[in-house]
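Enquirer:
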Amino acid sequence: MSQRLLITKTPKCYVGGAFIRSESGRVAELHDASGAFFANIAQCTRKDLRNAVEAAAKAGPGWAKRTAFNRGQILYRMAEMIEARSLELAEAIMLGGGSKAEAAREVAASIERIVHYAGWTDKYEQILGSVNPVASPHFNFTVTEPMGIIGIIAPDDSPLLALISLILPAITSGNCVVALASQTQPYPSILLGEMLATSDLPGGVVNLLTGQRSDLIHTFATHEHLRGISGVVNASDRKQLKLGAAESVKRVRLQKSEEAIDWFADSAQGLYDIREWIEFKTTWHPIGA
Amino acid sequence: MAKKITKPTPELVFGDLWEFDPAPETADPKLKKRYDLFINGSFVPPRSGKYFPTINPANETMIADIAQADAADVDVACKAAQKAFTSVWGKMPGKERGKYLYRIARLLQDHAREFAIAETLDGGKPIKESRDFDIPMAAAHFFYHAGWADKLEYLAPGRQLAPHGVVGQVIPWNFPLLMLAWKIAPALAAGNCVVLKPAETTSITALKFGEICQEAGLPNGVVNIVSGAGETGAAVINHPLTTKVAFTGSTEVGKIIMRSLAGTEKKMTMELGGKAANIVFDDAPLDQAVEAIVNGIFFNQGHVCCAGSRLLVQESVAEQVLAKLKRRIAVLRVGDPMDKNTDHGAINSREQLAKITELVKSGVAEGAEMHQSACRLPTKGFFFKPTLFSGVSMSHRIAREEIFGPVLSILTFRTLEEAVEKANNTAFGLSAGVWTDKGSRILKMSTLLKAGVVWANTYNKFDPTSPFGGYKESGFGREGGKQGLLDYLKQP
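Protein sequences, first through last, are from chains A and B. Last residue of the first sequence: number 289 in the working numbering, and the count goes up by one each step with no gaps. Last residue of the second sequence: number 1492 in the working numbering, and the count goes up by one each step with no gaps.
1) 9 Å is my cut-off, CB to CB: does Y1471(B) come that close to chain A?
2) Looking at the C-beta of I1135(B), does it have a partner C-beta in chain A at a distance below 9 Å?
3) Nearest to S1466(B) by alpha carbon, out of D200(A), G231(A), F38(A) and V143(A)?
4) Spatial neighbours of C176(A) within its chain, please: C-beta separation below 7 Å, excluding the five flanking residues on both sides.
5) Taking its Cβ as the centre, do 16 or more other Cβ atoms sit within 10 Å of G193(A), making it buried, or is it exposed?
6) Within 9 Å of any Cβ in chain B, is that where the Cβ of I127(A) sits?
7) In chain B, which residues lie less than 8 Å from F280(A) when you measure between Cβ atoms?
8) Interface residues of chain A around D1036(B) at Cβ under 7 Å?
9) Are the C-beta atoms of T283(A) and some chain B residue less than 9 Å apart?
10) Report the rounded CA-to-CA distance for T1387(B) versus I1347(B), giving the unit in angstroms.
11) Tell me the rounded alpha-carbon separation between P1046(B) and A1077(B).
12) Taking the Cβ atom as the reference point for each residue, do V1167(B) and V1222(B) lie within a distance shorter than 9 Å?
13) Could you spell out the range, first to last residue, of the beta strand (DSSP E) harbouring M1268(B)?
14) Does the beta carbon of Y117(A) sit closer than 9 Å to a beta carbon anywhere in chain B?
15) What does the alpha-carbon distance come out to for the pair V1420(B) and G1308(B)?
16) If we count Cβ pairs, one from each stretch, closer than 8 Å, do we get three or more for the stretch 1210 to 1228 of chain B versus the stretch 205 to 221 of chain A?
17) So, helix, strand or coil for Q255(A), using DSSP?
18) Tell me the DSSP secondary structure of S189(A) in three-state form.
19) Check whether the Cβ atoms of I1039(B) and A1080(B) lie closer than 9 Å to each other.
20) Skipping 5 residues on each side, what residues in its chain have a beta carbon closer than 7 Å to that of P1406(B)?
21) Any beta carbon from chain B within less than 9 Å of Q240(A)'s own beta carbon?
22) Given H116(A), which residues of its chain have a CB within under 7 Å of its CB, disregarding the five upstream and five downstream residues?
23) Less than 9 Å between the C-beta atoms of P188(A) and A92(A), yes or no?
24) DSSP puts T144(A) in a beta bridge; with which residues?
25) With distances taken between CB atoms, is the gap from I164(A) to I229(A) smaller than 9 Å?
26) Across which residues does DSSP place G1433(B) in a beta bridge pair?
27) So what does R1310(B) bridge to, in DSSP terms?
28) Ignore the nearest five residues each way along the sequence and tell me which others in W1435(B)'s own chain have a CB closer than 7 Å to its CB.
29) Looking at L1489(B) and G1191(B), is the spacing between their C-beta atoms short of 9 Å?
30) Measure from the C-beta of A1446(B) to each C-beta in chain A and report whether the shortest distance is under 9 Å.
31) If you measure from the beta carbon of A42(A) to each beta carbon in chain B, is any gap under 9 Å?
32) Using 10 angstroms around the beta-carbon of M1001(B), count the other beta-carbons present and answer buried if the total reaches 16, otherwise exposed.
33) For my contact list, H1371(B) and S1390(B) are in at a C-beta cut-off of 8 Å; report their separation, rounded to the angstrom.
34) Residues in the stretch 1263 to 1277 of chain B with C-beta within 9 Å of chain A's C-beta atoms, listed in sequence order?
35) What does G270(A) reach in chain B if we use C-beta pairs closer than 8 Å?
36) Just the Cα atoms here: how many angstroms apart are A1149(B) and N1460(B)?
Dropping the structure here:
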């Protein structure tokens, strides 16, 4: 029996619901744990990042307008789509050299995390918002709103779980995200994009880029349409991101890449991560005839 | 809706038939000739020995000398705060902390009249505002937060909370004591100690607040007040012990602070500038709207970050609203802030007056039509006539820049979508107003407006229970309510 020539795959980034290669045409070789060539990974540029922000801006109003119930349904559907392809995802994680058990654990935790946030969509408002007993004849209430587009910079390790743990709290409340995947282990983000494309999540809500952090940090920092930055980065990147954030009073929440983060812990998820990416709006109206 | 045809109401014009007798507030504000820094429970002279004068903007006479804190003084204050935090305040049960806050609230009420007069003398706002709004609201903030001190576990379900330690706070000159209360009350309720810098032109009530802390028996070092200019503020914000920084002021300075803290892990809340749209639909109760538009822009001479400085009127009623506004500002009493009948006091400083004058000139130069009250201004002091601009377009500077003065820019719109587009077309997002009789439209507008506070059929209302703060370049974090208090706590 003659050996069939395998079809190799060109990994593509997931932007605006479509699969793109970088406008730069640049790629970097990705090798598996044994050092063998695995695939060419697109090296996204600031132009790609700006295009992704544009895609997110198009998707934003529609996503924010979905009912809380509907967003919950869509997130749960995401979990369903990933569960069905968990073996494939685990193999992608194993490219980084971990054991099969470790990879399977990371996939399982990622799915659990999606389900966790799927349940939050129609509850966080009831806990974070309020009706305020003002001392004048007014009805006064505080509701939450998404901020807009959030930039996400994933750490190298836990390439699926960390990425998804940063994305979920932002999109749960109706934000859109532009995320840069793990620089050293980008392949799980490629598969995640493929799975999101077959979920019910509208295109453009989650945009996933691959490439070098150093190429993109400056644009993440200064792009005025990114209203927040969530990431795990080193001290010099933190400073650069915060300096850029000052120019348009951007919200930042940066975790330190030099410190170990337990992405599996319950503390890596929850209501107060959602709270980072919302605005509070308080409305007053007179009570009277 | 059928267009109502109404005859114009005959105007009652009394001319100079009657003059109001002056009705000056005369109680004693109990001021000192010289104010030292309030550090570690005592008033201490600045190490440099430097003082700067503070003047009454209504007549340019000197009120007192104010100590100028430098980095060394700030260092002493921060260390005192840190010591108070680790040795007393941070360990004290919330129930006890709360009682101190209740005491402070009560003492502010006891001394309300003297604080009101001091505030008006130093800042230029009408006595009726400092007496009826600033001081009672400051006391209310302490009352509200006093009750939180022993209930913090109910604030954020599922989250462990701890105070930050020492909080550095820098406040503006428009509501000196009230901004101090907005900052200090939640910080203390949460278990933090504070180093606060009041604005250079309005330090007196902050330093008088030091006397209240003494009278309340507040442990030494829990509250420290360091007066001075921008450099003093920078020293507070950049001090390594202030792990949390809260700032209220201009967007420009807010950005400078964000840049200066970029290399640190400090937590921040920023309450910055605004350029609020006050939107009037044709079905609005116009007389009520006009009253609130006037209050929205001329309250505190327009020195309000959430001032309704852009009036968006639906085209069909624009002429009518402008006529009513012109009539209304003609009877605003502008003058001596200490007079109980004064509606509109003095501009806070010569610099601010120059800034307002410059922007108003740009409005005229860019082609908007100016309408000013014909009132007579006092010959001394910093005053500016209540000013309206009609025919303003979105590209005019007076429609884009924060004037922070008694200047209203009037624009028109035809559809709801156009109103929203114009209202949101700004880098700011602090507040907005909506006037309409239709409930569903109010809720739609409230949803579409990108602003942290939306006043519907009302304007410029504040309450300790109601979170305040902006979207976009108007800042982040909230002040007031449970949302504001949580910003003064961290996960342990």
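Yeah, the Cβ is synthetic: ideal placement off N, Cα and C, and Gly gets one too.
Expert: Inspection of the coordinates gives the following:
1) Chain A, which has a Cβ nearer than 9 Å to the Cβ of Y1471(B), makes this yes.
2) Using a CB distance cut-off of 9 Å, I1135(B) does not count as an interface residue toward chain A.
3) It is V143(A) whose Cα lies nearest to the Cα of S1466(B).
4) Within the same chain, C176(A) has close Cβ partners A56, A59, G60, W63, I149, G204 and V205.
5) Classification of G193(A): buried, given that the 10 Å Cβ count is 16 or more.
6) For I127(A), the answer is yes, since a Cβ of chain B falls inside 9 Å of its Cβ.
7) By Cβ distance, chain B contributes G1452, P1467, G1469, R1478 and Q1483.
8) Near D1036(B) there are no residues of chain A at all, since even the closest Cβ is about 34 Å away, more than 7 Å.
9) A Cβ of chain B is located within less than 9 Å of the beta carbon of T283(A).
10) Roughly 13 Å separates the two Cα atoms.
11) The straight-line gap from Cα to Cα measures roughly 11 Å.
12) Not in contact: V1167(B) and V1222(B) (Cβ atoms no closer than 9 Å).
13) Unbroken beta strand (DSSP E) run through M1268(B): K1267 to E1271.
14) For Y117(A), not one C-beta of chain B is nearer than 9 Å to its own C-beta.
15) V1420(B) and G1308(B) have their C-alpha atoms roughly 15 Å apart.
16) No, because fewer than three Cβ pairs between the stretch 1210 to 1228 of chain B and the stretch 205 to 221 of chain A fall closer than 8 Å, the two stretches do not touch.
17) Strand.
18) Three-state DSSP puts S189(A) in a helix.
19) It is a contact, given that the beta carbons lie within the stated cut-off.
20) Non-local beta-carbon contacts of P1406(B) in its own chain, meaning distances under 7 Å to residues more than five positions away in sequence, involve I1297, F1298, Q1301, G1302, H1344, F1384, P1386 and T1387 in chain order.
21) With 9 Å as the cut-off, Q240(A) counts as an interface residue toward chain B.
22) If we look at H116(A) and ignore the five residues flanking it on each side, its Cβ neighbours are Q269.
23) In this structure, A92(A) lies closer than 9 Å to P188(A) by Cβ.
24) Among the bridge pairs identified by DSSP, T144(A) is matched with F280(A).
25) In this structure, I164(A) sits away from I229(A), with a CB-CB distance that is not shorter than 9 Å.
26) According to DSSP, residue pairing for G1433(B) in a beta bridge involves N1278(B) and W1455(B).
27) DSSP lists A1277(B) and S1409(B) as the beta-bridge partner residues of R1310(B).
28) I1279, V1280, F1281, A1284, A1289 and N1457.
29) Yes, these two residues count as a Cβ contact at 9 Å.
30) The amino acid occupying residue 1446(B) in the given sequence is Ser; Ala does not appear at that position. Nearest CB-CB separation between S1446(B) and chain A: below the 9 Å threshold.
31) A42(A) does not count as touching chain B.
32) Unreliable positioning characterises M1001(B) in this predicted model, as indicated by a pLDDT of 49, which lies under 50. The coordinate reading is nonetheless provided below. By the 10 Å Cβ count, M1001(B) comes out exposed.
33) Their Cβ separation, rounded to whole angstroms, is 7 Å, which keeps H1371(B) and S1390(B) in contact under 8 Å.
34) So the close ones are G1263, T1264, E1265, M1270 and L1272.
35) Chain B residues near G270(A): G1158.
36) Straight-line Cα distance between these residues: approximately 28 Å.
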